[in-house]
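Beneath this line is the structure, given in structure tokens, with notes to follow.
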Amino acid sequence: MCGPGGVGKGTITAGLVRELGSVKLSRSWTTRPRRVGESEDAYVFVSRLEFLRAVDDGKFLEWAEYLGNLYGTPAPDPTDGDDLILEIDLQGAQMIKENYPESLVIAIEPPSLVELGVRMRRRGDSEEHVADRLAIAEREIAIARGLADQVVVNEDPIQAVSAVASIISKERSLRRPLT
Ligand code: 5GP
């Protein structure tokens, strides 16, 4: 799942884990400092040195730099058949689609850029970050429309969870082996 920071990907993925069976949420690594009030396990918070060492060790499925911080998806344990949900930025989604073309990319969009700014401020992003992130978001939304298999507008988190859950369920039924 990709989409600009603040669009509500975290809320949607948490809802998906509750609503759909057999899914796991990947826990990313980041060099970004933890936000005030952010849960300790939102990410594996590491130093830049630790992160770059992990890159050299081939630990990540994909990684990207976003506004000066590094973010990466650790390679999952050998699969137990569950679907793995990645909550990543556009660069990460591009890398994943290239290396794992069978992946399903769902782009989450805000109802508008104004509303996205409101959500960023509500979660505590500083004013300077909001301006930078909105400029990035506008470009990324346009590119994501070309990359994504599906686009969901997050007007309301409950509806967005059910829209994404039904996309995944449909995809699962299309991919199930014929018996
Ligand atoms: P934030 O700092 O707001 O938590 O995240 C900034 C951006 O990085 C968001 O778009 C978020 O989805 C993305 N992100 C989080 N984890 C990863 C990751 O492992 N890989 C990539 N490529 N992006 C990530």
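Position in the sequence shown counted from 1, then plus 137, gives you our numbering. We put the CB at the ideal spot given by N, CA and C, even for glycine.
The shortest C-alpha to C-alpha distance from Ile273 to any of Leu253, Ala212, Leu223 is the one to Leu253. Short of 6 Å from the beta carbon of Asp286, and not among the five residues preceding or following it, lie these beta carbons of its own chain, in chain order: Leu241, Val242. Distances taken from the Cβ of Tyr237 to the heavy atoms of the ligand 5GP include none shorter than 7 Å. Residue pairing by DSSP places Leu221 opposite Lys161 in a beta bridge. The three-state secondary structure of Val173, taken from DSSP, is coil. Remark: the C-beta of Ser240 is outside contact range of the ligand 5GP, defined as less than 7 Å to any heavy atom. Tyr203 has Asn206 as its beta-bridge partners, per DSSP.
Around the C-beta of Arg259, fewer than 16 other C-beta atoms lie within 10 Å, and the residue is accordingly described as exposed. By the neighbour-count criterion, in which 16 or more other beta carbons inside 10 Å mark a residue as buried, Tyr208 falls on the buried side.
Annotation for Glu246: the continuous beta strand (DSSP E) segment containing it runs 243-246.
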